[in-house]
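Student: In our numbering, the protein residues as written are 890 to 1167.
In this text, a Cβ means the ideal position worked out from N, Cα and C, and glycines have one as well.
#1: Between the beta-carbon of residue 1037 and the beta-carbon of residue 947, is there less than 8 Å?
#2: So for residue 1033, helix, strand or coil by DSSP?
#3: Run the CB neighbour count on residue 1198, radius 10 Å, all protein chains shown included, and call it buried at 16 or more, exposed below.
#4: Rounded to whole angstroms, what is the Cα-Cα separation between residue 1152 and residue 1115?
#5: Under 8 Å Cβ to Cβ from residue 1044, same chain only, skipping five residues before and after it: list those, please.
#6: Can you check DSSP and say which residues form a bridge with residue 1111?
#7: Determine the DSSP secondary structure at residue 967, reduced to helix, strand or coil.
#8: Is the region 959-967 touching the region 1081-1101 in the sense that three or more CB pairs, one from each, lie closer than 8 Å?
#9: List, from N- to C-terminal side, the alpha helix (DSSP H) runs of 4 residues or more that fit wholly inside the region 981-1022.
#10: Please name the residue in 1029, 1003 and 1104 whose C-alpha comes closest to that of residue 1011.
#11: Considering just the uninterrupted stretch of the beta strand (DSSP E) at residue 1078, what are its terminal residues?
#12: Which residues does DSSP pair with residue 1024 in a beta bridge?
#13: Less than 7 Å between C-beta atoms, sequence neighbours within five positions excluded: which residues of the same chain meet that for residue 1068?
#14: Under 8 Å Cβ to Cβ from residue 1099, same chain only, skipping five residues before and after it: list those, please.
#15: What residue does the beta strand (DSSP E) around residue 1057 start on, and which one ends it?
#16: Ends of the alpha helix (DSSP H) at residue 1152?
#17: Using the beta-carbon count (16 or more within 10 Å), is residue 1083 buried or exposed?
#18: Between which two residues does the beta strand (DSSP E) carrying residue 944 extend?
#19: Buried or exposed: residue 1015, going by 16 or more other Cβ atoms within 10 Å of its Cβ?
#20: Considering only residues of the same chain and omitting the five flanking positions on each side of residue 1025, which have a CB-CB separation below 6 Å?
#21: For residue 1149, which residues in the same chain have their Cβ closer than 7 Å to its Cβ, ignoring the five residues on either side in sequence?
#22: Which same chain residues, not among the five before or five after residue 1160, have their C-beta less than 8 Å away from its C-beta?
#23: Using DSSP's beta-bridge definition, name the partner residues of residue 976.
#24: Using only the alpha-carbon positions, how far apart do residue 1137 and residue 950 sit?
#25: So what does DSSP say about residue 1038, is it helix, strand or coil?
#26: In the DSSP assignment, what are the bridge partners of residue 1122?
#27: Do you know offhand how far residue 931's Cα is from residue 983's?
#28: Report buried or exposed for residue 1141, applying the criterion of at least 16 other Cβ atoms within 10 angstroms of its Cβ.
#29: According to the neighbour-count rule (16 or more other Cβ atoms, all chains shown, within 10 Å of its Cβ), is residue 1124 buried or exposed?
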């Protein structure tokens, strides 16, 4: 019996000596679920199966609790988009920056930087004499950290083949504060628009903080596809091509505009329900 045990040990020892054991724990070596870094292709859609479509504009505010992930200090979405458009990422196509949501005319890199920067006219006393003043122009470069809101244009399409209503993000635009030369705030506007299909290969390789699971890293592309953000509707396709807040009846009533936004959201749900066949 003792001989059998000794023989067994002799056979097992060489196997153990060549075995590859991890030096560190699973989480120290990286996430358990690795991200391939490639965007998932859109589901095939035949034109004949697209029975219904509605274009919607939304605003995502990174200051909201559910959207805090996109303001992750290590890799905020504002930095990702700004870098992609102004500098580009190695071995990846640089996405175009469009002037408006028609996605026709584009900006050059120089125009984007100049649009975001602020030129202020500052009085300077010559030789410290307050009665002898000259005016100089001071250029403050744009800081992408100032971007806290994003406008998103998407199409909600009913696919008769699958009998479901699904969104497809068309483009996204960082929102910045427009200021005059004297530093007066003139409101908000879109800095530029980027086609989502041009941006997705970059978003698929940029990580966002996953507060639900440390064992799995989440890319921005996955985050958008899984609709992990909170937003509110600011526009649906209409005859005047205006945002809700500029349409008569909602122009001076913020509460009415918010209720209209909820009505549009509810109508999308009802439309999908009504298009089902029982």
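Tutor: Per the coordinate set shown:
#1: no
#2: helix
#3: With the chain running from 890 to 1167 in the structure shown, residue 1198 is simply not present.
#4: 23 Å
#5: 942, 943, 944, 945, 1056, 1057 and 1059
#6: Answer is none; residue 1111 lacks a bridge partner.
#7: helix
#8: yes
#9: 998-1005
#10: 1029
#11: 1074-1079
#12: 1012
#13: 1007, 1074 and 1075
#14: 958, 1105, 1106 and 1107
#15: 1053-1068
#16: 1143-1163
#17: buried
#18: 939-950
#19: exposed
#20: 1011 and 1013
#21: 1133 and 1139
#22: 941, 943, 1047 and 1054
#23: Bridge partners of residue 976: none, in fact.
#24: 25 Å
#25: strand
#26: 947
#27: 21 Å
#28: exposed
#29: buried
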